[in-house]
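For reference, the structure discussed in these notes is given below.
There are 2 protein chains.
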Amino acid sequence: MDEYLLKQMHTEAKTIFRESLRPVNPYGAVKNFVRVKNSQLILGKDGEEQTTLDLKQFDRISLVGGGKATAPMALAMEELLGERVRTGMINVKYGFTEKLGVTRTVEASHPLPDENGVKGTAAIMNFLAKANDKDLIISLISGGGSALLCQPAQGITLGEKQTLTGMLLDCGASIDEINAVRKHISAAKGGQMARAAFPATVVNLMLSDVVGDKMDVIASGPFVPDSSTFEDALGILKKYALKDVPKSIVRRLEEGAAGKTPDTPKAGDPVFLYVSNIIVGSNILALEAAEKKARELGYDTLILSSLIEGETRDVARVHCAILREICRSGRPTPKPACIISGGETTVTIRGDGLGGRNQEFCLSSAVEIAGLPEKIVVLSGGTDGNDGPTDAAGAVVDPYTVERGRKAGLSAVDFLDNNDAYHFLEKTEDLLMTGPTNTNVMDVRLLLVR
Amino acid sequence: MDEYLLKQMHTEAKTIFRESLRPVNPYGAVKNFVRVKNSQLILGKDGEEQTTLDLKQFDRISLVGGGKATAPMALAMEELLGERVRTGMINVKYGFTEKLGVTRTVEASHPLPDENGVKGTAAIMNFLAKANDKDLIISLISGGGSALLCQPAQGITLGEKQTLTGMLLDCGASIDEINAVRKHISAAKGGQMARAAFPATVVNLMLSDVVGDKMDVIASGPFVPDSSTFEDALGILKKYALKDVPKSIVRRLEEGAAGKTPDTPKAGDPVFLYVSNIIVGSNILALEAAEKKARELGYDTLILSSLIEGETRDVARVHCAILREICRSGRPTPKPACIISGGETTVTIRGDGLGGRNQEFCLSSAVEIAGLPEKIVVLSGGTDGNDGPTDAAGAVVDPYTVERGRKAGLSAVDFLDNNDAYHFLEKTEDLLMTGPTNTNVMDVRLLLVR
């Protein structure tokens, strides 16, 4: 065992991870995608396709938005636009604030919404409703925006909305189904902010925490066309034979399905005529930055996919199968190799331990690579610096992690079976601690072989 | 939908799969690795490292072996050595015979062994025991060899051995644990054939049906050093607190652990001095042949890994995440792309339908890629032409497979939940039918994007 080299590779993995965060921090992401020059607002990265808006055509420029990372996004926009910004209102999670200029920040609850969030959203909706064709509205959206931009449709209480969401989660409805229902009992989601803002010009800047960057899913797509209908929502309640659904919700969906309430706006609806939806930060950008740094460190790189989903330990097995093939035959990439992947996996809880999907990925990988003679390091980290209900972002493991645990009296397989990766990796000193990063573009996984 | 192009891609996928089988058919695999020239036996592929044996130093050359693919391997050796082969005895599955010369074939039961197999194995062990240093023994081993080369240790009946195997499977013991126990209640497995044959020269040619080509696992490694001990075997029975283990087995293991019976031979044991273990066919060879053909057809190729294991539908999700990233960003390989992977996945049975891991992989993939606008085809096939208890080798699907099923009134998700991929894919005409291929190097998966 070349202890020195392995330690160095731990450091390299952490360095690559840190670099992956650079282009996706909310402040930097906005500044990468937005420039102001001679009263022109230029949207798009340098060297890529750009669109331009003449700021002089607008009487008023305002910021709105919601999400955990919205405050630094607003800071970037205030810096870019200076005194041109007349007003702003954003909803952020408690404590996720920044010192801002004109923009008013409402702190609210996440992941479960609260009345603060509802009040802040109502204020934004009122503002949008009054906007006219001389308004430019810059919307700032990030992960958490669905809870933080929350306005139940008329006649429905926040409690009733939450009851239904709980029922949908319990019955095993898919996330697409849950979203379809939620959009139809909300006043803001599913393009309804675009309808409120029409005919104002809207530039909606999104930091994506969604696999595949589906814009109608990020914060439930307040400015994005919705493809689901009242009939769909009603059909989902029937499909799962949900009982005791709050009456106000059933009434809302039935009236909608009967055409008495306008449905969420669909693609092609004129309310989207003056809306530009732009993703300023996403998982693939983080992976590309990781790739750049890994190359600088001398690795042959392969970005596998930014769209990885599935049960964590099976996903880990596939990743480690690739790793072992590299060791064996130099495929798909010769050594020194760095395999990079992103997305967000799930963990089926079977124990009562402490951990998160990244720590579970790493402990599963540690078992797969245990004892291999090659110099291998596996890192998995949440880009928000926060993996499950722990203070770690994830972990960094190697072929000796399992052995280090054994020497401390811990069985990796037992801890894995108890979903207790945190307490194993804490003992082996393999946790990845970053503190909050103020962003979230899901997870980054790095597999290094020398 | 470009129906013509998709149809053509189905054909291409099938062609690539068929080509992948070429270097791993048992007859061809032996001929690729073994040559006879001027009384020299040359072992190793042309252009790669080779070792040579002077056949003139031996008084007698014999064939032994066991496994489903052993008959065509024996045919190849008889052709190569001609009249030099003096005798041969192999155990094959009922019906898996070839017209051979001097080699005597015993047909026996697989996957559960029977008395025919035990008798054939005893004959081979007797023969090996009489061999001397003027003997050259060519051993031919393939998948199924563990059941077909079966000799319970003295005092243990075949029934008792099977009882214990059943108990180990039921209690959730790992395959490594089951193998450790089985080797220690057998007279032939775990290097014991090598001990019997010593001091004869042995060339053991293996067709690998094992992930990672672990030689001590292929047919339980009759000529390969064993790393497990009697103590290990006894510890495994204790670990799972197995009750009612046949007394003869407990006695055998306890006597062994007490040093009264010699343990299986370990690495470095002199009984392996004159043994050469050679893998003539394996999954990676099939993948390399697939890669060659895919390139000829104009695809950019990537061999992901030959070592893929894990729950089939999660493995499929990871593969399809890579596929979707190719569509999205041309990573990890630009279009037209062919991703190739091998190994063997598992299916946790939750329904009572008909299928196999390859069909389950394809139906899971069909759901993942349903409706994508790109030209995509996914093939997964068992190289033995036999996927689960069906007459199909696997399947070939595309983004319209789910839709074809829907038009026939079938829900892909429902059929998947019932592990009933066969009946769905039969209806959509997406089954891959090859008939028996006479080989087994696990599975080949192909993902094509144009």
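Quick mapping for you: the protein sequence lines, in order, are chains Z and G. Note that this note's numbering has the first sequence beginning at -16, numbered continuously upward. Note that this note's numbering has the second sequence beginning at -16, numbered continuously upward. Where is the CB? At the ideal position from N, CA and C, for every residue including glycine. Only a predicted model underlies this, so the values are computations on that prediction, with no experimental measurement involved.
Which residues in chain Z have a C-beta closer than 8 Å to the C-beta of residue i? List them in chain order.
i	result
Arg307/G	Gly195, Ser288 and Leu290
Within 10 angstroms of the Cβ of residue i, are there 16 or more other Cβ atoms? Answer buried if so, exposed if not.
i	result
Pro94/Z	exposed
Lys226/G	exposed
Gly100/Z	buried
Asp153/G	exposed
Ala224/G	exposed
Pro315/Z	buried
Leu119/G	buried
Asp374/G	exposed
Gly149/Z	exposed
Leu256/Z	exposed
Ile352/Z	buried
Ile121/G	buried
Asn15/G	buried
Ala273/G	buried
Asn109/Z	exposed
Gln175/Z	buried
Ile124/G	buried
Ser363/Z	buried
What's the C-alpha gap between residue i and residue j?
i	j	result
Ala80/Z	Ser157/G	Before going on, a small fix: residue 80/Z reads as Thr here, not Ala. If I take the Cα positions, the gap works out to 51 Å.
Ala376/Z	Asn341/Z	8 Å
Phe407/G	Gly418/G	20 Å
Met416/G	Ile(-1)/G	14 Å
Cys310/G	Asn266/Z	16 Å
Leu306/G	Thr295/G	16 Å
Lys144/G	Asp215/G	17 Å
Leu429/Z	Pro317/Z	15 Å
Leu414/G	Gly368/G	12 Å
Lys113/Z	Ala349/Z	57 Å
Ser288/G	Leu26/Z	41 Å
Asp159/Z	Leu(-12)/G	31 Å
Leu285/Z	Arg67/Z	44 Å
Thr35/G	Asp283/Z	38 Å
Thr422/G	Glu386/Z	39 Å
Asp252/Z	Lys275/Z	41 Å
Lys222/G	Glu2/G	46 Å
Thr366/G	Leu270/G	11 Å
I'd like to know if residue i contacts chain G, where contact means its C-beta is closer than 7 Å to some C-beta of that chain.
i	result
Asp400/Z	no
Arg314/Z	yes
Give me the chain Z residues within the contact set of residue i, using Cβ-Cβ distance strictly less than 7 Å, ordered along the chain.
i	result
Val301/G	Ile291, Gly293, Val298 and Val301
Gly326/G	Ala304
Report back the beta-carbon spacing between residue i and residue j to the nearest angstrom; my notes put them in contact at under 8 Å.
i	j	result
Ile201/G	Ser191/G	5 Å
Pro135/Z	Ile168/Z	6 Å
Ala(-4)/Z	Val330/Z	That pair is no contact at about 22 Å.
Val7/G	Val424/G	5 Å
Lys76/G	Gly138/G	With 8 Å as the limit, Lys76/G and Gly138/G do not qualify as a contact, their Cβ atoms being about 28 Å apart.
Asp42/Z	Ser22/Z	14 Å between Cβ atoms; not a contact.
Ala163/Z	Ile219/Z	6 Å
Asn115/Z	Pro182/Z	7 Å
Arg165/Z	Lys172/Z	6 Å
Ala12/Z	Gly264/Z	4 Å
Ala57/Z	Leu46/Z	5 Å
Taking 7 Å as the CB-CB limit, is residue i close to chain Z?
i	result
Pro135/G	no
Ala216/G	no
Ala304/G	yes
At a CB-CB cut-off below 7 Å, which residues of chain G make contact with residue i?
i	result
Leu285/Z	Pro315
Ile168/Z	The contacting residues do not exist; Ile168/Z stays about 25 Å from chain G at best.
Under 9 Å Cβ-Cβ, which residues of chain Z neighbour residue i?
i	result
Ile201/G	Near Ile201/G there are no residues of chain Z at all, since even the closest Cβ is about 16 Å away, more than 9 Å.
At a CB-CB cut-off below 9 Å, which residues of chain G make contact with residue i?
i	result
Ile267/Z	Glu308, Arg311, Ser312 and Arg314
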